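There are 2 protein chains.
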Amino acid sequence: MKVAIGYQVHNSENIALSLRQHLDNGYNFIVAPLVHPRVKKFVPYSDVFLGGSERSKLVVYIPKRDYNLKNNCSLIESEFNYANHIGVNTMLIDCPDNRVALKNLSDIINRQFVSSSEHFNEHQAPSVCIKVPLIPYKSYSSKWRDDEPDVDYDESWEKWNFIRMITQSHPKLFVALELNGDPIDPERIERWFGEPIVMALLSTSSFLTNSSKYPVLSKAYQQLIQKLNFKLAGNFSFVINGNNLHGHLKHYLQYINHLKSTDLFEDKISKFCLGYEDVLQIPLQPLKDNLDSLVYEVFETDDIKYQQYELAIYKAMKKIDKTDMYVILLFIPSFLSMINFLNCITNRFNSVAMVVGAGRGPLVEKALKAAEQSKKYVTIYAVEKNVNAIVTLDVLRDLRWGGNAGLSNGVVQIINEDMRYWAAPRKADLVISELLGSFGDNELSPECLDGIWNYVTKETINIPRSYSSYMCPVQSHKLYSQLLIDKKINNNPYDYGYVVHVRNAYLIDDPQKVFTFVHDDLTKPPNERDNSRAKTMTFRSKLKTVCHGFVGYFDCCLYDDIYLSIVPSTQNANMFSWFPIYFPFQVPFNVDPNDEIVIHLTRNVGNNSVWYEWTVQQPTPSKIHNLKGKHYSISLH
Amino acid sequence: MKVAIGYQVHNSENIALSLRQHLDNGYNFIVAPLVHPRVKKFVPYSDVFLGGSERSKLVVYIPKRDYNLKNNCSLIESEFNYANHIGVNTMLIDCPDNRVALKNLSDIINRQFVSSSEHFNEHQAPSVCIKVPLIPYKSYSSKWRDDEPDVDYDESWEKWNFIRMITQSHPKLFVALELNGDPIDPERIERWFGEPIVMALLSTSSFLTNSSKYPVLSKAYQQLIQKLNFKLAGNFSFVINGNNLHGHLKHYLQYINHLKSTDLFEDKISKFCLGYEDVLQIPLQPLKDNLDSLVYEVFETDDIKYQQYELAIYKAMKKIDKTDMYVILLFIPSFLSMINFLNCITNRFNSVAMVVGAGRGPLVEKALKAAEQSKKYVTIYAVEKNVNAIVTLDVLRDLRWGGNAGLSNGVVQIINEDMRYWAAPRKADLVISELLGSFGDNELSPECLDGIWNYVTKETINIPRSYSSYMCPVQSHKLYSQLLIDKKINNNPYDYGYVVHVRNAYLIDDPQKVFTFVHDDLTKPPNERDNSRAKTMTFRSKLKTVCHGFVGYFDCCLYDDIYLSIVPSTQNANMFSWFPIYFPFQVPFNVDPNDEIVIHLTRNVGNNSVWYEWTVQQPTPSKIHNLKGKHYSISLH
């Protein structure tokens, strides 16, 4: 169930009774300590009366303690062991105040994570949520005093970050964010959205009282929660804590449930993105591997993308001057000479469009539509190397595209060839392709289009005309921590790029343009071209942050003023064909405000493959990731 | 859905239409060829009209062909590629007749399996089901003739086995068994049940017609299907083929659905086994790892096991002679001397029971019950090393066992110690433990009980008194093939033993006793004992078969005539605490009828661990599996 709601019990003689009571009220779980808060020795409430299925509804709470004291360290270790024993999934730990206590707590957490992963037969260690306040407590109390508030708004985040760095961004480490007061500045909020928040803690005292005496949240809170829900894709819980101040504890739950039913919680993304939020995927290699029918099917349903293509093809067809010849037709006298003349102008007259990499034909459809709209007759060569897709193209040609005779606006020829090696019978007026990946050129569009040089002229229009990749450094515990899990199937997860629908991430700076490819003149043979690239980019952070790698995007000019983009500032709304690409850094690094982050990225072209290498130059030089394309390389064959 | 039902379409112009029609009739899927049977070139029905979700309801049928012809080999390769392309999950291939064709087909299948596993990003290759008849076709036709039937009843199995051996028992290779006539001899049927059958093919002509003109199956068929369903734990489908002979095609489906609702399909196993059929699990190591509360909870619900324990403890308590002293009480005159005497006999009088490895206390409960029934007063020491279980024991002692004062039948002391290192205050009359694993001694019961030598006497009764392991060679594609998958997490899957609720397996011979441990006298110190063992066992096969390893069991004398057993011939019904254990052979080998299978098994004891090594000596010597306990060893610490 998405966005569960729990209640935090501070002191209970009988966990089982307390749990059942709050479940009866409608809460989905409770947060409770394992030992009575005033007990110093470890004498936990027993699990005797807690049924197996009930235990997953218990989050164990560990109050703030000073982990400079050895006794407190043993106590929390006992709590961990016992929670593990009774099958508790989640621990909520109140973050200590001083640096040494933080260090000791981090060590304890780390040992839990490590010891559990050794026994692959055992229950997994519980998830650990670090409770931190959005607003530092000092600031909160200073409201009540008149002296100058000496508040460090980074304090919470720095404490969390310290524990995270020591546990090396462990995938079982999470944030429980206490929403304790009006939101801080937007940039700091954004930074929290790059952290793996799984709980939003709300005190009953944070609720206002409406005219019917029911608890409600202020607009500021509502907006914060809306953003939180979006960035976390609904993968978090609410925890209500504090005394009942509004008649009955279930009224808080009812209010949150009400919010959940409003458009505050509506996520308007396509169904093709749902469930893919922050999930790392290995990029497709359509040149090396034939795409499956289902993959084609999904991509074909991207209306936005194909509308743009149709518009671009229409504009390009309008531009192609051959069709102006229609008028000549009126002046031909005799029937025989007219036949000859017709043959002659049929050749000249037809514009020739080549759809290279036609797949199951969506661009063929769009080219036919554009021809109809622009009142042209077009001969379309649908060139496709995937023999399985050819089966579909053949059927569509017979059923929809008029077979050999064609339609009034054009005729389609199916060619089962790799576009790079096809001996084309004529030159193209228009070449249409959809060979772009998340990072623009990463599915080898430049190399494929270089290969068509012998069936184009200098006048041939290429759609897309040009494209550029973009990148920006990112803070995302969520993305990075998955690489630790991935390690089991991929030994070198840090030398790979991943396609991912990015949500739970903080962009440290605005994206900058990286590599650009322009296809105005395709007639140069491949050996005269150089598609290798290199660029050093300098970014600047606004806040203290951690850099976990960079995110890549692309934009593309199809023709004239028709664009496709997945760059956040210019992206086409509701287009879902491309998720961004994430390139990790093996060693994440801390960054101070105004620090420069310098990243060097190269695109390398070998005889058999193309690959990227990436390096951090500043603040601390890193290794060259994916050196020689040893791990992630895009095959040319 | 368990036990789906499909219909085989032999010739369809329009797969989509045909599929929808049969789904409307209630079938769950159809089996159909991709190309028209009379077409020689590969021109498949297109997927244009087949929606994404419909494709999983299509099983592609490949009719019998002669794979000596290159053309047929290319054809099936095209079919594989296209099926893969359109997202089909399952291929049904009719098994060819001659050896060369079989070899060629095996190569093609093998290449499919291998090529697909390289691209971990792609759709998985479809499962391949080899269609073979239960009764050879020759025998079938010979029924119609009077000449002596020259029938090889092993033919089908041998053809399947040939393909299986070449594909190395691949986890994606399955059997589609044609139930074509009355069942053959029971042993051959049993052998089929050791094969990964996923489809049972039934011709409409195999159905009888009942008085209402509806199709029904004979008793012989029904029993075969019942056994099939049990052995496969419901993980198979029916495929109906042939013309409609009974009014409407849906009547066959209705009849099978009727059977599914009868007790023919009822599986009376405990809910704790459900879903674990043929699932390999790493054995627990309760000595090294503390058990989880939920693990205790599940095992505590095994009523059969604890009934046997209660009975054994009752009989043992009856036997302990101290309690006969009750009668002396009558002759004591003065009050003071009586107090003294009481103290004195309390010490002598009390029988002392020690539950070593008490867990959360189920044997403590049983010992108290047995004391009550046998009218004894017992002091129970519950010795447990797991500090988390002690929490529960402490609570139970207060709540149920009368705390310090105890109950009328006894008092309980909780001792948080490893039984091997406990300095006991007195000697035990009775020691009760439950330290046995699937293979008897494999959870180190002998080593643990050796450790209690300094708090027992020669008269101390030990429950269990003795136990033995058993083993027999097994044919099970299902168990063995999982090791190929397992390889990703366990690099040496063939040097490991796995706990598994065995179903889809054929026992090649009856189990034989292997190692026995007797605990009549526990007073000898551990350094005078030797728990290492070695044995060479000779088994004999009845049929041609393949040996994939051996399965281990145990039985145990708790006391007197009270036994626990998981050996098939003597097992306690409805006891679920132990599944058998499976030891694989790295290289499965073919066995002829009456061949001897000689297996050497050793139990080795080192300073830090105990381990088994196993070797095939005949028919072909194997490597020593798990040499030096390098991969699977049971820790003593």
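Just so you know, the sequences run in chain order Z and Y.
In terms of my numbering, the first sequence is residues 5 to 641.
In terms of my numbering, the second sequence is residues 5 to 641.
C-beta atoms are modelled at their ideal positions from N, C-alpha and C, and glycine is treated no differently.
Since we're looking at a predicted model, the values are computed, not measured.
1. Report yes if the CB atom of I34(Y) is closer than 8 Å to the CB atom of V7(Y), and no otherwise.
2. For a test of the three-state rule: what should DSSP assign to G553(Z), helix, strand or coil?
3. What are the boundary residues of the beta strand (DSSP E) that includes K462(Y)?
4. What span of residues does the beta strand (DSSP E) with W618(Z) cover, start to end?
5. If I measure Cβ to Cβ from P642(Z) and keep anything under 6 Å in the same chain, skipping five residues before and after, which residues do I get?
6. In chain order, what residues of the same chain lie with their CB nearer than 7 Å to the CB of Y157(Z), ignoring the 5 residues before and after it?
7. Give me whichever residues DSSP pairs with N245(Y) in a beta bridge.
8. From T213(Z) to H250(Z), what distance separates their C-alpha atoms?
9. Indicate whether L483(Y) and D296(Y) have their beta-carbon atoms separated by less than 8 Å.
10. Of all the options G444(Y), P468(Y), D525(Y), which has the alpha carbon lying nearest to the alpha carbon of W457(Y)?
11. Have a look at N114(Y), Y318(Y), L228(Y) and flag the residue whose alpha-carbon is nearest the alpha-carbon of V1(Y).
12. Comparing the C-beta of G91(Y) with each C-beta of chain Z, is any distance below 8 Å?
13. With a floor of 4 residues, list each alpha helix (DSSP H) that falls wholly inside the region 61 to 105 of chain Z, ordered by position along the chain.
14. Any beta carbon from chain Z within less than 8 Å of D307(Y)'s own beta carbon?
15. What does M475(Y) pair with, by DSSP beta-bridge criteria?
16. Taking the continuous beta strand (DSSP E) assigned at Q590(Z), which residues delimit it?
17. Under 9 Å, CB to CB, which of the residues in the region 576 to 598 of chain Z have a partner in chain Y?
18. For I286(Z), which three-state DSSP category applies?
19. Considering only residues of the same chain and omitting the five flanking positions on each side of Y310(Y), which have a CB-CB separation below 7 Å?
20. For I419(Y), name the three-state secondary structure that DSSP assigns.
21. Please look up how many angstroms separate the CB atoms of T549(Y) and Q621(Y), rounded, as I've assumed it's under 8 Å.
22. Distance cutoff 8 Å, beta carbons only. Does G56(Z) sit that close to anything in chain Y?
23. On the criterion of 16 or more Cβ atoms from any shown chain inside 10 Å, does L21(Y) qualify as buried, or is it exposed?
24. Which residue marks the beginning of the beta strand (DSSP E) containing N608(Z), and which one marks its end?
25. I believe V202(Z) touches C133(Z) by the beta-carbon criterion, under 8 Å. Please report the beta-carbon distance rounded to the nearest angstrom.
26. Using the Cβ count rule (16 or more neighbours within 10 Å means buried), how would you classify Q289(Z)?
27. For the alpha helix (DSSP H) containing A301(Z), list its first residue and its last residue.
28. Check whether the region 589 to 599 of chain Z touches the region 502 to 509 of chain Z, counting contact only when three or more Cβ pairs, one atom from each stretch, lie closer than 8 Å.
29. For D445(Y), name the three-state secondary structure that DSSP assigns.
30. Please state whether the Cβ-Cβ distance between S639(Z) and L291(Z) is less than 8 Å.
31. In the DSSP output, which residue or residues are listed as bridge partners for A386(Z)?
32. Is the shortest distance between the beta-carbon of S637(Z) and the beta-carbons of chain Y less than 8 Å?
33. Which chain Z residues are close to S297(Y), counting only those with a beta carbon under 7 Å from its beta carbon?
34. Is R192(Y) helix, strand or coil by DSSP?
35. Do you know offhand how far P468(Z)'s Cα is from D564(Z)'s?
36. Taking 8 Å as the threshold (C-beta atoms), are T619(Z) and H604(Z) in contact?
Concretely, from the data shown:
1. Here residue 34(Y) refers to the residue found at position 30 of the second sequence. Here residue 7(Y) refers to the residue found at position 3 of the second sequence. Going by C-beta atoms, I34(Y) is not nearer than 8 Å to V7(Y).
2. Position 549 of the first sequence, counting from 1, holds the residue named residue 553(Z). Strand.
3. On the second sequence, position 458 is the one that residue 462(Y) refers to. 460 to 467 is the extent of the beta strand (DSSP E) around K462(Y).
4. For the purposes of this step, residue 618(Z) is taken as the residue at position 614 of the first sequence. Here the beta strand (DSSP E) through W618(Z) covers 613 to 622.
5. Examination of residue 642(Z) is not possible in this model, given that chain Z is present from 5 through 641 alone.
6. Numbered from 1 along the first sequence, position 153 holds the residue referred to as residue 157(Z). Answer for Y157(Z): P140, I188, R192, listed in chain order.
7. Here residue 245(Y) corresponds to residue number 241 of the second sequence, with the count starting at 1. Partner(s): S207(Y).
8. Here residue 213(Z) is taken as the residue at index 209 of the first sequence, counted from 1. Here residue 250(Z) is taken as the residue at index 246 of the first sequence, counted from 1. About 8 Å.
9. For the purposes of this step, residue 483(Y) is taken as the residue at position 479 of the second sequence. For the purposes of this step, residue 296(Y) is taken as the residue at position 292 of the second sequence. Not closer than 8 Å, so no.
10. As a first step, residue 457(Y) is located in the second sequence; it is residue number 453 there, counting from the start. Per the Cα distances, D525(Y).
11. The structure shown does not extend to residue 1(Y), since chain Y spans only 5 to 641, so no value can be given for it.
12. As a working mapping, residue 91(Y) is identified with position 87 in the second sequence. Yes, contact with chain Z.
13. 74 to 90
14. The residue labelled residue 307(Y) in the question sits at position 303 within the second sequence. Answer no: the Cβ-Cβ gap between D307(Y) and chain Z never drops below 8 Å.
15. As a position in the second sequence, residue 475(Y) is number 471, starting the count at 1. BP columns for M475(Y) point to Q516(Y), G556(Y).
16. Here the question's residue 590(Z) lines up with position 586 in the first sequence. Unbroken beta strand (DSSP E) run through Q590(Z): 585 to 595.
17. none
18. In the first sequence, residue 286(Z) corresponds to position 282, counting from 1. It is coil, neither helix nor strand.
19. What you label residue 310(Y) is simply residue 306 of the second sequence in a count that begins at 1. Same-chain partners within the cutoff: P366, K370.
20. Counting from 1 along the second sequence, the entry for residue 419(Y) is found at position 415. I419(Y) falls in the strand class under three-state DSSP.
21. Translated into the one-based positions of the second sequence, residue 549(Y) becomes position 545. Translated into the one-based positions of the second sequence, residue 621(Y) becomes position 617. Rounded, the Cβ-Cβ distance is 18 Å, inconsistent with contact.
22. As a position in the first sequence, residue 56(Z) is number 52, starting the count at 1. Chain Y, which has a Cβ nearer than 8 Å to the Cβ of G56(Z), makes this yes.
23. Taking the second sequence and counting its residues from 1, the one referred to as residue 21(Y) is at position 17. L21(Y) comes out exposed.
24. As a working note, residue 608(Z) is residue 604 in the first sequence. From DSSP, the beta strand (DSSP E) with N608(Z) extends over 600 to 609.
25. Within the first sequence, the letter at position 198 stands for residue 202(Z). Within the first sequence, the letter at position 129 stands for residue 133(Z). Yes, V202(Z) and C133(Z) are in contact; Cβ-Cβ is about 6 Å, under 8 Å.
26. Walking along the first sequence from the start, residue 289(Z) turns up at place 285. Classification for Q289(Z): buried.
27. As a first step, residue 301(Z) must be located in the first sequence, where it is residue number 297. Looking at the sequence shown, residue 301(Z) is not Ala but Glu. Its alpha helix (DSSP H) spans residues 297 to 304.
28. no
29. Here residue 445(Y) corresponds to residue number 441 of the second sequence, with the count starting at 1. The answer is helix: DSSP assigns D445(Y) an H, G or I state.
30. The residue labelled residue 639(Z) in the question sits at position 635 within the first sequence. The residue labelled residue 291(Z) in the question sits at position 287 within the first sequence. For S639(Z) and L291(Z), yes; Cβs fall inside 8 Å.
31. Here residue 386(Z) corresponds to residue number 382 of the first sequence, with the count starting at 1. According to DSSP, which records beta bridges pairwise, A386(Z) is partnered with V359(Z), I418(Z).
32. Mapped onto the first sequence, residue 637(Z) falls at position 633. Not closer than 8 Å to any Cβ of chain Y, the Cβ of S637(Z) fails to qualify, so no.
33. Against the second sequence, residue 297(Y) aligns to sequence position 293. What S297(Y) touches in chain Z: D51, H89, I90, G91.
34. Taking the second sequence and counting its residues from 1, the one referred to as residue 192(Y) is at position 188. Helix at R192(Y).
35. As a working mapping, residue 468(Z) is identified with position 464 in the first sequence. As a working mapping, residue 564(Z) is identified with position 560 in the first sequence. Approximately 10 Å, taken between the alpha carbons.
36. In the first sequence, residue 604(Z) corresponds to position 600, counting from 1. In the first sequence, residue 619(Z) corresponds to position 615, counting from 1. Contact: yes.
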